[in-house]
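Worksheet: the structure to be examined is printed underneath.
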Amino acid sequence: MPEAARPPAAAPAAAERLLQRLEWTVIRRLDGLLQGASRTLLRGSGIDLADLREYQPHDDVRHIDWNVTARLATPHVRVFTEDRDMTAWFLLDLSPSVDFGAPGQAKRDMLAGFVGVLARLLQRHGNRVGAVLHDGSAAMGRVLPARGGRRQVLQLLHALATGARPSGPAPAPGITELQRLLGGAQGLLRRRSAVFVVSDFLSAPGWDKPLARLAQRHDVVAVRLLDPLELTLPDMGLLLLRDPETGEQLQVDTHERGFRHRFARLAAQREADLRASLARAGVDTLELSTDEDLLAALLRFMQLRGHRPRVAAANPALAAHG
1454 MPEAARPPAA APAAAERLLQ RLEWTVIRRL DGLLQGASRT LLRGSGIDLA DLREYQPHDD
1514 VRHIDWNVTA RLATPHVRVF TEDRDMTAWF LLDLSPSVDF GAPGQAKRDM LAGFVGVLAR
1574 LLQRHGNRVG AVLHDGSAAM GRVLPARGGR RQVLQLLHAL ATGARPSGPA PAPGITELQR
1634 LLGGAQGLLR RRSAVFVVSD FLSAPGWDKP LARLAQRHDV VAVRLLDPLE LTLPDMGLLL
1694 LRDPETGEQL QVDTHERGFR HRFARLAAQR EADLRASLAR AGVDTLELST DEDLLAALLR
1754 FMQLRGHRPR VAAANPALAA HG
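First residue of the sequence shown? That's 1454 in the working numbering, and the numbers climb one at a time after it.
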């Protein structure tokens, strides 16, 4: 059974400082773009048919009205009145591989920034946010129950800083079992929710099927963390590489061009396989790279959700980030 985290009486100062920094550097810059963005960030479960309109490239094909499409010879989609009060869940992969990257720019730092900003934006629209923190082991992970308010965002950031296990020894080194997190979430999330699966997806096989099952009931976004050095290796001579998941070490000569080419080829194949698995699962995917500005990534996220901010169109500098 997942272990529930009981929030402390007061949010630690470190979480408060991080949230204030995110509010100053990212959220304030997005405020002008996010007026009425509740529809963009969370897709309601709406039950009332509000309108029919022609299909647009960003529309969900599951909403196509085939009878109207056949009659008018032009694809049309059903538009529903959406619920405004929804719950958002963050399923967070905190396995050792997300620590990869330069200090302050590791995949874990991108994860914390993305979660902090999204949770704060959603909370300000009156939505509740919750999280499951998974350390990569066979257990599902630590659960932060869904609540509203700014304090809930602070507790989430504090939980990220303290780790996926509220107590007890760290798990033995091994390959991440992401399917444990996704499978456990199916039983935890009773009501239709927006679900953000934030992971580098460096996991044992088998996570794609529970992800697809989760997407059948919930609005799921896969937020994939990556670092450029996972795709190509620079010429840095002899390097001692360590697998953060298993602890295995290997010395390699990055000066050898053939080795760098083989590494890049295998990485490209892994990329293709991963993207194919996410596509088969039928989820929206957002890639967060450690060398990317968080604001740019969030603007791409809004475009991914079918929102086109008017300010971006009027401001070439912002539009270029999309």
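The C-beta atom is built at its ideal place from N, Cα and C for all residues, glycine as well. All of these numbers come straight from a predicted model, not from anything done at the bench.
- Message: Would ALA1777 and SER1656 be called neighbours here (beta carbons separated by less than 8 Å)?
- Response: Any property of residue 1777 remains undetermined from this structure, which presents the chain solely from 1454 to 1775.
- How far does the alpha helix (DSSP H) with HIS1611 in it reach, from first residue to last? Translated into the one-based positions of the sequence shown, residue 1611 becomes position 158. Run containing HIS1611: 1603-1615, per the alpha helix (DSSP H) assignment.
- Query: TRP1542 lies in the beta strand (DSSP E); which residues open and close that run?
  - Reply: Within the sequence shown, numbered from 1, the residue matching residue 1542 stands at position 89. Where TRP1542 is concerned, the enclosing beta strand (DSSP E) stretches over 1540-1546.
- Query: How many angstroms separate the CA atom of LEU1641 from the CA atom of ALA1592?
  - Reply: Locating residue 1641 in the sequence shown gives position 188, where the first residue counts as 1. Locating residue 1592 in the sequence shown gives position 139, where the first residue counts as 1. Near 14 Å, if we compare the C-alpha coordinates of ALA1592 and LEU1641.
- Could you name the residues of the same chain whose beta carbon sits closer than 8 Å to that of VAL1521, not counting the 5 residues immediately before and after it, in chain order? By one-based count along the sequence shown, residue 1521 stands at place 68. Hits under 8 Å: LEU1505 and HIS1529.
- Can the beta-carbon of VAL1705 be found closer than 8 Å to that of ALA1675? Sequence index remark: in the sequence shown, residue 1705 carries index 252 (1-based). Sequence index remark: in the sequence shown, residue 1675 carries index 222 (1-based). It is not a contact, given that the beta carbons lie outside the stated cut-off.
- Environment of PHE1543 [buried if 16+ CB atoms lie within 10 Å]: Taking the first residue of the sequence shown as position 1, residue 1543 is located at position 90. So PHE1543 counts as buried.
- Task: Could you tell me how far apart the beta carbons of GLY1594 and ALA1668 are, in whole angstroms, since I believe they sit closer than 8 Å?
- Result: In the sequence shown, counting from the first residue as 1, residue 1594 sits at position 141. In the sequence shown, counting from the first residue as 1, residue 1668 sits at position 215. GLY1594 to ALA1668, Cβ: 20 Å. No contact.
- Task: Check the C-beta distance from GLY1569 over to VAL1596 and give it rounded, since I have them as a contact under 8 Å.
- Result: Taking the first residue of the sequence shown as position 1, residue 1569 is located at position 116. Taking the first residue of the sequence shown as position 1, residue 1596 is located at position 143. That pair is no contact at about 19 Å.
- What residues in its chain sit with their C-beta under 8 Å from that of ALA1721, if we drop five residues either side in the sequence? Locating residue 1721 in the sequence shown gives position 268, where the first residue counts as 1. Cβ within range, chain order: LEU1684.
- Message: Is it buried or exposed, ASP1688, if we count other Cβ atoms within 10 angstroms and call 16 or more buried?
- Response: Sequence index remark: in the sequence shown, residue 1688 carries index 235 (1-based). By the 10 Å Cβ count, ASP1688 comes out exposed.
- Smallest Cα separation from HIS1708: which of ARG1718, ALA1599 and LEU1692? Mapped onto the sequence shown, residue 1708 falls at position 255. The residue with the shortest Cα to Cα distance from HIS1708 is LEU1692.
- Item | Span of the alpha helix (DSSP H) around PRO1549 | To locate residue 1549, count along the sequence shown from 1; it is residue 96. No alpha helix (DSSP H) holds PRO1549; DSSP gives it neither H nor E.
- Task: Can you have a look at THR1527 and say buried or exposed, based on whether 16 or more other CB atoms are within 10 angstroms of its CB?
- Result: Along the sequence shown, one-based indexing puts residue 1527 at 74. Under this definition THR1527 is an exposed residue.
- Tell me, please, whether the CB atom of TRP1542 is closer than 8 Å to any CB atom in chain D? Of the protein chains in the structure, only one exists, and it is not chain D.
- Query: Of the residues ALA1665, HIS1671 and LEU1747, which one's Cα is nearest the Cα of GLY1566?
  - Reply: As a first step, residue 1566 is located in the sequence shown; it is residue number 113 there, counting from the start. Among ALA1665, HIS1671 and LEU1747, the Cα nearest to that of GLY1566 belongs to LEU1747.
- Message: I'd like to check one pair, ARG1573 with LEU1483: are the Cβ atoms closer than 8 Å?
- Response: In the sequence shown, residue 1483 corresponds to position 30, counting from 1. In the sequence shown, residue 1573 corresponds to position 120, counting from 1. No, these two residues do not count as a Cβ contact at 8 Å.
- Please report the Cβ distance between ALA1665 and ARG1723, rounded to the nearest whole angstrom; I am assuming they are in contact, meaning their Cβ atoms lie under 8 Å. Stepping through the sequence shown from its first residue, residue 1665 is reached at position 212. Stepping through the sequence shown from its first residue, residue 1723 is reached at position 270. With a Cβ gap of about 20 Å, ALA1665 and ARG1723 do not count as contacting.
- Task: Following the continuous beta strand (DSSP E) through GLN1702, name the residue where it begins and the one where it ends.
- Result: Stepping through the sequence shown from its first residue, residue 1702 is reached at position 249. Start and end: 1702-1706.
- Query: What is the residue span of the alpha helix (DSSP H) that VAL1479 lies within?
  - Reply: Position 26 of the sequence shown, counting from 1, holds the residue named residue 1479. That residue, VAL1479, is in no alpha helix (DSSP H); it is neither H nor E in DSSP.
- Less than 8 Å separating the beta-carbons of MET1563 and LEU1741? Looking up residue 1563 in the sequence shown gives position 110. Looking up residue 1741 in the sequence shown gives position 288. Closer than 8 Å, so yes.
- Exposed or buried, what is ILE1500 when buried is set at 16 or more other beta-carbons lying within 10 Å of its beta-carbon? On the sequence shown, residue 1500 is found 47 positions in, with the first residue counted as 1. Low confidence applies to ILE1500: its pLDDT is 44, below 50, so where it sits in the model is not reliable, and the reading given next is rough at best. So ILE1500 counts as exposed.
- Task: Report yes if the CB atom of GLY1589 is closer than 8 Å to the CB atom of THR1629, and no otherwise.
- Result: Along the sequence shown, read from residue 1 onward, the residue named residue 1589 stands at position 136. Along the sequence shown, read from residue 1 onward, the residue named residue 1629 stands at position 176. Yes.
- In chain order, what residues of the same chain have a beta carbon less than 8 Å from the beta carbon of ILE1480, not counting five sequence neighbours either side? On the sequence shown, position 27 is the one that residue 1480 refers to. Closer than 8 Å at Cβ, skipping near neighbours: VAL1570, ARG1573 and LEU1574.
- Query: Helix, strand or coil: which one does DSSP assign to HIS1412?
  - Reply: Nothing about residue 1412 can be read from this structure; the chain reaches only from 1454 to 1775.
- Among ALA1749, ASP1680 and GLN1639, the one whose alpha carbon lies nearest that of ARG1561: Position 108 of the sequence shown, counting from 1, holds the residue named residue 1561. Checked all of ALA1749, ASP1680 and GLN1639; the closest Cα to ARG1561 is ASP1680.
- Task: Please state whether DSSP places VAL1521 in a helix, a strand or coil.
- Result: To locate residue 1521, count along the sequence shown from 1; it is residue 68. In the structure shown, VAL1521 sits in a helix (DSSP, three-state: H, G or I).
- Nearest-angstrom Cα distance between GLN1756 and ALA1559? Your numbering for residue 1756 matches position 303 in the sequence shown. Your numbering for residue 1559 matches position 106 in the sequence shown. Each residue's Cα considered, the two are about 25 Å apart.
- In whole angstroms, what separates the C-alpha of ARG1643 from that of VAL1585? As a working mapping, residue 1643 is identified with position 190 in the sequence shown. As a working mapping, residue 1585 is identified with position 132 in the sequence shown. Their Cα atoms are separated by approximately 14 Å.
- For GLU1507, write down the residues that DSSP places opposite it in a beta bridge. Within the sequence shown, residue 1507 is the residue found at index 54, counting from 1. Per DSSP, HIS1529.
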